[in-house]
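Structure, as structure tokens:
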């Protein structure tokens, strides 16, 4: 499974909390998504699903155009619902709701803007993955076009990390991805914040 963050938006560039607000890719984001799709097509994915928000859906569309894959849409792959924080700059939130925002940024499982916790985000996104995986045969690749917070929540949950340790996973840059594979030990992280094709690791312990 490959978790792919959407390309850049103007609000990403401004450090403005997007959450469930439907912000489009900017010109840089479209170029990022197009370039990433040309790389990911070489992995021959067999299934492609996306958040319904246009920044993710438009990112997925570039890969669909390269591969001919049908794009499944699932609202459960949306970014964190940021409640009252949505649309506001990071500096504004630090100044006006500093204690709650700092707690959330530190990895505490608190509701962003009074709306959704990291655990709740992980619950819905991993349920969506469980529903998407049955169409993928062993050895096949599922690509999920999603959002940075959603990707981190999925990684933390599937790697069985405590919520307050999810921050040890660095964020995904726009249009970059992480790769997970299932083994007899469970899920394992084989690539993180990547922008190139996975490379075989010699002497791996799998």
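Residue numbers (the working numbering): -9 to 196. Backbone N, C-alpha and C define an ideal beta-carbon position, used for all residues, glycine too. All figures in this text were calculated on a predicted structure; none of them were measured in a lab.
Worksheet item: Grouping DSSP H, G and I as helix and E and B as strand, with all else coil, what is residue 29?
Response: helix
Fill in: CB-CB length for residue 187 against residue 33, believed under 8 Å
7 Å
Worksheet item: Helix, strand or coil: how does DSSP classify residue 164 here?
Response: coil
Practice prompt. Have a look at the DSSP bridge pairing and note the partners of residue -5.
Written response: 136
Worksheet item: Between the C-alpha atoms of residue 48 and residue 189, what's the straight-line distance to the nearest angstrom?
Response: 27 Å
Worksheet item: In whole angstroms, what separates the C-alpha of residue 51 from that of residue 83?
Response: 33 Å
Worksheet entry | CB-CB length for residue 53 against residue 21, believed under 8 Å | The Cβ separation is near 14 Å, so there is no contact.
Practice prompt. Check each candidate in 160, 127, 133 and 132 and name the one with the smallest Cα separation from residue 143.
Written response: 160
Worksheet item: Three or more beta-carbon pairs under 8 Å between the region 144 to 158 and the region 87 to 99, yes or no?
Response: yes
Fill in: Which listed residue (67, 85 and 6) has its alpha carbon closest to that of residue 43
67
Worksheet item: Cβ of residue 69 less than 8 Å from any chain B Cβ?
Response: Here chain B cannot be found, since the structure has a single protein chain.
Worksheet entry | Residue closest to residue 7, alpha-carbon to alpha-carbon, out of 70, -4 and 18 | 70
Fill in: Of the residues 124, 170, 149 and 173, the one placed nearest residue 158, counting alpha carbons only
149
Discussion item. Once the 5 residues before and after residue 28 are set aside, which same chain residues still bring their CB inside 7 Å of it?
Written reply: 56
Fill in: Residues of its chain near residue 177, where Cβ-Cβ distance is below 7 Å and the 5 sequence neighbours each way are ignored
148, 149 and 170
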